[in-house]
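Undergrad: Structure provided below as structure tokens; questions to follow.
Number of protein chains: 2
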Amino acid sequence: MDPSEFRRHGHALVEWIADYLAGVERYAVLPRVAPGDVRDALPPSAPEEGDSFDEIFSDFERVLVPALTHWNHPGFFAYFPITASASGVLAEFLSAALNQQGMLWRTSPAATELEEVSLSWLRQLLGIGDAFEGVIYDTASISSLHALAAARQAAIPRVREEGLAGRRDVGALRVYCSEQAHSSIDKALLMLGLGLASLRRIPTDASFRMRADALRAAIAEDRAAGITPIAVVATVGTTSTTSVDPVAAIADICRDERIWLHVDAAYAGVTAMLPECASHFAGWDRADSIVVNPHKWLFTPFDLSAFYCRRMDVVREAFSLVPEYLKTAEGSRGVRNLMDTGVQLGRRFRSLKLWMILRHFGATRLRAVYREHMRLARGFAARVDEHPDFERVAPVPFGVVCFRALPRGLSLAAPDVDALNERLLDAVNASGDVFLSHTRLNERFVIRMAIGHLRTTDAHVDRAWQLITEHTAALARPR
Amino acid sequence: MDPSEFRRHGHALVEWIADYLAGVERYAVLPRVAPGDVRDALPPSAPEEGDSFDEIFSDFERVLVPALTHWNHPGFFAYFPITASASGVLAEFLSAALNQQGMLWRTSPAATELEEVSLSWLRQLLGIGDAFEGVIYDTASISSLHALAAARQAAIPRVREEGLAGRRDVGALRVYCSEQAHSSIDKALLMLGLGLASLRRIPTDASFRMRADALRAAIAEDRAAGITPIAVVATVGTTSTTSVDPVAAIADICRDERIWLHVDAAYAGVTAMLPECASHFAGWDRADSIVVNPHKWLFTPFDLSAFYCRRMDVVREAFSLVPEYLKTAEGSRGVRNLMDTGVQLGRRFRSLKLWMILRHFGATRLRAVYREHMRLARGFAARVDEHPDFERVAPVPFGVVCFRALPRGLSLAAPDVDALNERLLDAVNASGDVFLSHTRLNERFVIRMAIGHLRTTDAHVDRAWQLITEHTAALARPR
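Following this line, the structure appears as structure tokens:
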């Protein structure tokens, strides 16, 4: 593609994207396609001779656009909503063109140092001390994997050299998290060779928060049985209900027991910018490591996970490894090379979008948006609370409301209430105007209303509530 | 940023990027900055009030552009050159705006199915059979990590549940690769809890290829010592010299010994598209898993690693884990969800760029470009061979030439030859016109000339050779 062609197609894409982002509400949030539709609409093999970009783009519009789930739709209330903000999209466009590969300082001084600067900015906004060094990974799965790898490195002598297998001097190991912790913790333990049995899920209280007393008892019980605790994962903003583990009490336990504390604040961490949320974060800066995901609620195009660690030297001990072909004069003089903090050698220029977003929004506006999303969530929760046909099943510390329909006058057995709520969720999502997801709490099917998209307003939340109440009424009607 | 602002800044970026890509040769390949320059030029904290995109972009040009290493420069001959091709850059722009998160089919049918389609297209171009299922990861480090995790899963009963630690029924384990294999294999073993001691590096022949006889002997010796072999990593295109392990012979051994065979073809795999390269790939489709990196030599903006596995069910056994909040009706009907094949839950819409690039280039042009790069490399190698002041130190199967200066008439001790070549490399790189990197072979410092950027021509290779010969002459002159 010559420069003039690039200009032509680039300008056309700018117009298309501007129209798309401004007009995304003309699409159903969830696409109306069946499995196989995309595959079957495309040729089975690559072309021998190249196609023009116009032809390719035409197929993109014809086949792919109808199969997009519109994470950009302000009626996206499923999982945790994310936003590709304009400054983030422009930064990614630049980043793709610059094609920096920041494995070494030398291979991109800009990417290496902007990662340090932008993570320092974010760290200060979050109120975590400068004892924490940061690194950007792709996902929270990878951040928590490195946290637990570092915990293993700190706990087990010579694990880097000798590993875990066939060692008489290494017994059973244990990692603790709450019943509500994210599946990425399980997956990290699978990867690390610890196995699912090494994970002990600590019971939660009525608000789905880890019970610190139960954690202390579990550690004592394990120690008595000869099991070595290596890490505790506390969550600020769990996936199902956004519940907040008592981090300060857990930090006390980890200090007493000398166990690595990792705080998973992938979703809710950004709200540490708000003074009124301070209580949720009490003690989190006593953790050994923290993960916060700007691609969740910091309006950053996917992917960008920020990992902070006060013992990054342990991460380096676990992973640093410099083959001859990657040795540089700067490296031998102690300049930071991103490849030393982790398993991935290559590093994308992700810091560009974080830096541009923090600058373009500014701290004041970020705080205002979080407050608005929480206001919307509280308003939705109030409607649930006031309506006799619904029950709210968890507190609402951030932007997520967990609830279910329980229509008056119907005396349904538990499985039937679940079935009614499943049908309700499907009916609401079939509207195309909104997309909500579900979870299961105390073995009951629960609907999650998650508010966090940048362009979500009262009108979108109103529409969700209207659909929910109308469909509930229809489902509750005798047939 | 409102839509009109997005349009204005987007159009300006299109112009900037077009100018940048067309005019990248006005920059020095390696930037002339010192460690700390970028950090010190930026404010220590994020702004309270947002800045305009014009202000941000002005700082981008003032502070960051002078600190870029220009991977887009056609004089980039270091490591393995990469290219952000125009269609790839446009695809990434779209992908950022669409902000798909393809963890589940439901969260992006387009991303899920296009990944299948584009990987099938690439697989057919590479000539690997359809017994191989593909998945896209970020880097070869992550691809090989999953390959070795699957090998561990296949070899060790109940490793998913029980892990490796404290088990009397699991003894020492072993993974084999050549002395020339990439450091990502070491890092994978660190992550997996196998430890560096589990890696046995098999000696290579005079052409830096793994010696199959030595591999067979090592396995026998290990088995006799009670060590369990779990995987062999064969490399097609090693990092230092692009040497090619004898994959067919290694595959025979792995078949006889029932050991997982992983083929690391991250760099050279794409040349399987060329019939004249068939001998390098003999037997590779008998591997259990293969990694090929489109972000290396398929003109794909970083990052995109293609992982092919004929036993993807084992990868799923190792990592699949579906919490309630991610259960979907499609999932229970057997539709593929990307999150099941790996440790990362979130998946970016990377297949869009691979699909657009394969379509825009077409197979014919890809083959032509690879042939041109190899022609340039052979031409450079011929000059080295013909010049009395240089020696070539490895065969040139693809696009990389390893050589060193050994000026006539100077009788230098080995360390002085190394020092001369180090000075030569620094002097050549200081020109700003080219960037080459180095390795060490048989304990000697060796310069690598790696040709693979889309816009590299004879003129750029000529310039490199001119700089190399001129500086060698200057360094060899008596002082």
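Residue numbers (the working numbering), protein chains in the order written: chain A, 2 to 480; chain B, 2 to 480.
Ideal Cβ positions, reconstructed from N, Cα and C, are used throughout, including at glycine.
Name, please, each residue of chain B whose Cβ falls closer than 7 Å to the Cβ of F362/A.
TA: Walking along the first sequence from the start, residue 362/A turns up at place 361. By Cβ distance, chain B contributes G51.
Undergrad: Short of 7 Å Cβ to Cβ, which residues in the region 60 to 77 of chain A face chain B?
TA: Within the region 60 to 77 of chain A, the qualifying residues are L65, A68, L69, T70, W72 and N73.
Undergrad: Are the beta-carbon atoms belonging to I231/B and W261/B less than 8 Å from one another?
TA: Looking up residue 231/B in the second sequence gives position 230. Looking up residue 261/B in the second sequence gives position 260. Yes, they are a contact pair.
Undergrad: Can you check the region 252 to 306 of chain A for any alpha helix (DSSP H) of at least 4 residues that lies completely inside it and give the ranges in chain order?
TA: Taking only runs of at least 4 residues, the alpha helix (DSSP H) segments lying wholly in the region 252 to 306 of chain A are 295 to 298.
Undergrad: Can you check DSSP and say which residues form a bridge with M450/A?
TA: Position 449 of the first sequence, counted from the start, is the residue given in the question as residue 450/A. M450/A is bridged to V402/A.
Undergrad: When the Cα of A451/A is compared with those of R445/A, G410/A, A395/A and E423/A, which residue comes out closest?
TA: As a working note, residue 451/A is residue 450 in the first sequence. When only C-alpha atoms are compared, the closest one is A395/A.
Undergrad: Quick one: what does DSSP say Y177/B is sitting in, helix, strand or coil?
TA: Translated into the one-based positions of the second sequence, residue 177/B becomes position 176. Correct three-state label for Y177/B: strand.
Undergrad: Following the continuous beta strand (DSSP E) through V134/B, name the residue where it begins and the one where it ends.
TA: Here residue 134/B corresponds to residue number 133 of the second sequence, with the count starting at 1. Here residue 134/B is Glu; the residue named in the question, Val, does not match the sequence. Per DSSP, E134/B belongs to the beta strand (DSSP E) from E134 to Y138.
Undergrad: Could you list which residues in chain A have their beta carbon closer than 8 Å to that of F94/B, in chain order?
TA: Position 93 of the second sequence, counting from 1, holds the residue named residue 94/B. Residues of chain A passing the Cβ test: G11, L14, I18, V90, E93, F94 and A97.
Undergrad: Rounded to the nearest angstrom, what separates H147/A and E49/A at their Cα positions?
TA: Within the first sequence, the letter at position 146 stands for residue 147/A. Within the first sequence, the letter at position 48 stands for residue 49/A. The straight-line gap from Cα to Cα measures roughly 43 Å.
Undergrad: Please identify the residue among L437/B, V402/B and R40/B whose C-alpha is closest to the C-alpha of L425/B.
TA: Position 424 of the second sequence, counting from 1, holds the residue named residue 425/B. It is L437/B.
Undergrad: Reducing DSSP to helix, strand and coil, say where E392/B ends up.
TA: In the second sequence, counting from the first residue as 1, residue 392/B sits at position 391. In the structure shown, E392/B sits in a strand (DSSP, three-state: E or B).
Undergrad: Using 8 Å as the limit for Cβ to Cβ distance, is M450/A near chain B?
TA: Counting from 1 along the first sequence, the entry for residue 450/A is found at position 449. It does not: the Cβ of M450/A has no partner Cβ on chain B nearer than 8 Å.
Undergrad: Quick check: the Cα distance between A19/A and E180/B, rounded to an integer number of angstroms?
TA: Taking the first sequence and counting its residues from 1, one reaches residue 19/A at position 18. Taking the second sequence and counting its residues from 1, one reaches residue 180/B at position 179. The alpha-carbon atoms of A19/A and E180/B are separated by roughly 52 Å.
Undergrad: Pick from V160/B, D131/B, A29/B and A98/B: whose alpha carbon is nearest that of Y309/B?
TA: The residue labelled residue 309/B in the question sits at position 308 within the second sequence. Nearest C-alpha to Y309/B: D131/B.
Undergrad: Less than 8 Å between the C-beta atoms of V15/B and H12/A, yes or no?
TA: Locating residue 15/B in the second sequence gives position 14, counting from the first residue. Locating residue 12/A in the first sequence gives position 11, counting from the first residue. Result yes, Cβ atoms of V15/B and H12/A sit closer than 8 Å.
Undergrad: Output, in chain order, the set of chain A residues within a Cβ distance shorter than 8 Å of S142/B.
TA: Indexing the second sequence from 1 puts residue 142/B at position 141. Those are V344, Q345, L346 and G347, listed as they occur along chain A.
Undergrad: Here's a check: name, in chain order, each residue in its chain whose Cβ is nearer than 8 Å to the Cβ of F54/B, leaving out the five neighbours to either side.
TA: For the purposes of this step, residue 54/B is taken as residue 53 along the second sequence, with counting starting at 1. Counting only Cβ-Cβ distances below 8 Å, and skipping sequence neighbours, we find M2, E6 and H10.
Undergrad: Using the Cβ count rule (16 or more neighbours within 10 Å means buried), how would you classify G89/A?
TA: Here residue 89/A is taken as the residue at index 88 of the first sequence, counted from 1. Looking at its Cβ environment, which holds 16 or more other Cβ atoms inside 10 Å, G89/A is buried.
Undergrad: Over the uninterrupted alpha helix (DSSP H) stretch that includes T473/B, give me the two end residues.
TA: Stepping through the second sequence from its first residue, residue 473/B is reached at position 472. D459 to A477 is the span of the alpha helix (DSSP H), which, as asked, contains T473/B.
Undergrad: When DSSP labels each residue in this structure, what does M340/A get in the three-state scheme?
TA: As a working mapping, residue 340/A is identified with position 339 in the first sequence. In this structure, M340/A counts as helix in the three-state DSSP scheme.
Undergrad: Provide the residue(s) that pair with H439/A in DSSP beta bridges, ordered along the chain.
TA: Stepping through the first sequence from its first residue, residue 439/A is reached at position 438. Answer is I448/A.
Undergrad: With three or more beta-carbon pairs closer than 8 Å as the criterion, would you say the region 116 to 126 of chain A touches the region 38 to 49 of chain B?
TA: Judged by Cβ distances under 8 Å, the region 116 to 126 of chain A makes contact with the region 38 to 49 of chain B, as three or more pairs qualify.
Undergrad: Can you name the residues that DSSP bridges to V245/A?
TA: Reading the first sequence from its first residue, position 244 is the one you call residue 245/A. In DSSP, V245/A forms a bridge with V237/A.
Undergrad: Run through chain B and tell me which residues come within less than 7 Å of R478/A, C-beta to C-beta.
TA: Here residue 478/A corresponds to residue number 477 of the first sequence, with the count starting at 1. Going along chain B, no residue has its Cβ under 7 Å from R478/A, so there is no contact; the nearest lies around 24 Å.
Undergrad: If you count every other CB in all the chains shown that lies within 10 Å of the CB of T140/B, and 16 or more means buried, which is it?
TA: Residue mapping note: residue 140/B aligns to position 139 of the second sequence, counting from 1. By the 10 Å Cβ count, T140/B comes out buried.
Undergrad: Can you list, in chain order, the residues of its chain with a C-beta nearer than 7 Å to that of L411/B? Leave out the 5 residues immediately preceding and following it.
TA: Looking up residue 411/B in the second sequence gives position 410. Excluding residues within five positions, the ones whose Cβ falls inside 7 Å are A477.
Undergrad: Using a cut-off of 8 Å between C-beta atoms, extract the partners of L455/B located in chain A.
TA: As a working mapping, residue 455/B is identified with position 454 in the second sequence. Within chain A, no residue comes near L455/B; the closest Cβ sits about 10 Å away, beyond 8 Å.
Undergrad: Return the CA-CA distance between A225/A and F209/A, expressed in angstroms with no decimal places.
TA: For the purposes of this step, residue 225/A is taken as residue 224 along the first sequence, with counting starting at 1. For the purposes of this step, residue 209/A is taken as residue 208 along the first sequence, with counting starting at 1. Those two C-alpha atoms are separated by around 27 Å.
Undergrad: Three-state secondary structure (DSSP) at Y28/B?
TA: In the second sequence, residue 28/B corresponds to position 27, counting from 1. DSSP places Y28/B in coil when its eight states are reduced to three.
Undergrad: CA-CA distance, Q101/B and L91/B?
TA: Here residue 101/B corresponds to residue number 100 of the second sequence, with the count starting at 1. Here residue 91/B corresponds to residue number 90 of the second sequence, with the count starting at 1. Distance between the alpha carbons of Q101/B and L91/B: 16 Å.
Undergrad: Strictly under 8 Å for the Cβ-Cβ distance: is Q467/A near chain B by that measure?
TA: Numbered from 1 along the first sequence, position 466 holds the residue referred to as residue 467/A. It does not; no Cβ of chain B falls within 8 Å.
Undergrad: Alpha helix (DSSP H) containing R202/B: first to last residue?
TA: Here residue 202/B refers to the residue found at position 201 of the second sequence. That residue, R202/B, is in no alpha helix (DSSP H); its beta strand (DSSP E) goes L200 to I203.
Undergrad: Measuring only the C-alpha atoms, how far is L115/A from L353/A?
TA: Counting from 1 along the first sequence, the entry for residue 115/A is found at position 114. Counting from 1 along the first sequence, the entry for residue 353/A is found at position 352. Cα to Cα, the separation comes out at about 7 Å.
Undergrad: Suppose you measure from the CA of L149/A to the CA of A252/A; what does that come to, to the nearest Å?
TA: Here the question's residue 149/A lines up with position 148 in the first sequence. Here the question's residue 252/A lines up with position 251 in the first sequence. For L149/A and A252/A, the distance between alpha carbons rounds to 16 Å.
Undergrad: For the structure I just gave you, are there three or more beta carbon pairs, one from the region 152 to 161 of chain B and one from the region 185 to 205 of chain A, closer than 8 Å?
TA: Enough Cβ pairs lie closer than 8 Å, so yes.
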